[in-house]
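Numbering (mature numbering (1 follows the signal peptide of the UniProt record, and there is no 0)), first residue to last: -16 to -1, 1 to 391.
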C-alpha cells in the first residue's frame, strides 16, 4: 500500500504506520523513502490528522474540573496535589490518589474514545512520577507509574497514538496554577537545578517508554506544558533546557539501540505561545514537533459574538513552527457571558456544534488537535468532549464536519 507524506514531513517522516503493516512510504515528490514492517505505532497517524482528547486531571489533578471528586478525596480546601498531600499526610494521600487513578480513566473510557473516531490521547503527568526526584520538602502522591502503564496499555491495545506531556515541571513553570501540581507563588522552574531534575525525568521517561510494551504507542514526549509566555524569563529554557533535553532523550534512545525511525517525537510549545522560538538554539530538530494552545475565551482581540466566533475560527491561522498540533482547546466562552441566554450550552447546541466544526477545520490545517478535556464534572459540555458528544454537539463521524462546514 502506498502512503504519501505531506511536504512538511518529507525529511522527518512524522507519519505513523498501522502496527505490523508492510507498506511503501513515499515523499510528496514521489520518492520512495523506504519499506519495512513496523512493529509499533511510534509515529504520527498516517491516514488522517491527529484527532484526540486530553486525559486531564488524571495524573495532575486540577480541582476545578471535578470539585466533588476533589472533596471526596479529602482535598476540598487545598489548591493543588502538593497542598493536598501535605494536608492529608503521605499514606492517606497515596490511598486517596490510588482510588482516583483507578476510577477517573478506565479501560471503558479508552474504548469509548476510540469509538468516537479519535486516534490520539495526550496524558499530562508530573515529574513526581519519578519518585526519587521528589525532595523532603515536596509533597506528591506516590504510585502513579503503575496506573500510567495501565492507561498506556489500554490505549496501545486500542490503536491510539499517545503523547506524554510533562505538565507539572520541577519548581512549577507557572505561578498559582494547579496544573503544575503545586500552587506556587512564583515560577521556580527557570533555573539550572530544576532543569537538571526535569532532564532526569525526561531521560527516565524515555527509557521507560522504550522498554515497556504497554508504552508501544507512545510516540511523543512534551518537554514542558505552558511555560511562561515571557521571552526574557523563558530565555534559559529556550537556550539550554530545550537543546539539553534533545541530547538526553536521543542519548537514552541510542543507548537502548533504538533506530532513528523509531525515536520519540520531542514536542515544545509553538512560538505563538510567546516563550520565544523553540528552535533558536537547537542544533538537531529531527522528529521535533510543536504544541499550540488555543482558548478563544481568553483572547480579548476576538469580539464576543457568535458570528464573529465562527468567522474568526474559520480563518484562524495556527501556523508557525511545523509540524504543530493544537494540543489544548475547548468550547468555553468568556466567564462574564458563559451562562447568559445567548451562550447557555443547553439552548445553543447548534452554535456550539458549528463552532466546534470551525475550530477543527482551522486546526486541521496544521497536524491536528487534542481537545481539553475528555471528561469533566462541571455539567458543561464545553469543557468535556464526552459530554459534548452525548449532547449532540460533537459528531462521532468527524469527517462529516467537512460535509456541513460552517466555513
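Glycine included, every Cβ here is placed at the ideal spot set by N, Cα and C.
Burial state of residue i (16 or more Cβ within 10 Å)
i, result
"residue 39", "buried"
"residue 251", "buried"
"residue 179", "buried"
"residue 120", "exposed"
"residue 352", "buried"
"residue 231", "exposed"
"residue 192", "buried"
"residue 368", "buried"
"residue 130", "exposed"
"residue 287", "exposed"
"residue 382", "buried"
"residue 115", "exposed"
"residue 154", "buried"
"residue 86", "exposed"
"residue 214", "exposed"
"residue 331", "exposed"
"residue 297", "buried"
"residue 61", "exposed"
Beta carbon proximity, residue i to chain D, threshold 8 Å
i, result
"residue 129", "Absent here is chain D; the protein component of the structure consists of one chain."
For residue j and residue i, the rounded distance between their alpha carbons
i, j, result
"residue 102", "residue 341", "15 Å"
"residue 294", "residue 70", "45 Å"
"residue 240", "residue 194", "8 Å"
"residue 91", "residue 126", "22 Å"
"residue 51", "residue 261", "37 Å"
"residue 78", "residue 136", "21 Å"
"residue 366", "residue 229", "35 Å"
"residue 375", "residue 361", "15 Å"
"residue 172", "residue 94", "35 Å"
"residue 385", "residue 32", "14 Å"
"residue 133", "residue 236", "19 Å"
"residue 212", "residue 159", "9 Å"
"residue 169", "residue 222", "23 Å"
"residue 187", "residue 247", "13 Å"
"residue 227", "residue 265", "7 Å"
DSSP state of residue i mapped onto helix, strand, coil
i, result
"residue 75", "helix"
"residue 42", "coil"
"residue 9", "Note that residue 9 scores a pLDDT of 34, beneath 50, so its modelled location is shaky; the value from the coordinates is reported in the next line. Three-state DSSP puts residue 9 in a strand."
"residue 199", "helix"
"residue 303", "coil"
"residue 181", "helix"
"residue 268", "coil"
"residue 274", "strand"
"residue 211", "coil"
"residue 165", "coil"
"residue 57", "coil"
"residue 34", "strand"
"residue 217", "coil"
"residue 96", "helix"
"residue 308", "strand"
"residue 191", "helix"
"residue 104", "strand"
"residue 205", "strand"
"residue 83", "helix"
*Taking contact to mean at least 3 C-beta pairs separated by less than 8 Å, is the region 288 to 305 in contact with the region 255 to 275?*
Judged by pairs of C-beta atoms under 8 Å, the region 288 to 305 touches the region 255 to 275, as three or more such pairs exist.
*Entirely within the region 311 to 391 and at least 3 residues each: give me those beta strand (DSSP E) ranges in chain order.*
352 to 355
*asked:* Quick check for students: name the residue ranges of the alpha helix (DSSP H) that lie wholly in the region 118 to 155, counting only runs of 4 or more.
replied: 128 to 141
*Counting pairs of beta carbons, one from the region 308 to 319 and one from the region 265 to 280, are three or more of them closer than 8 Å?*
yes
*For the region 220 to 264, which segments carrying the alpha helix (DSSP H) assignment without a break, of at least 4 residues, lie completely within its bounds, in sequence order?*
226 to 239
*Any chance the region 33 to 47 sits against the region 105 to 115, with 3 or more Cβ pairs inside 8 Å?*
yes
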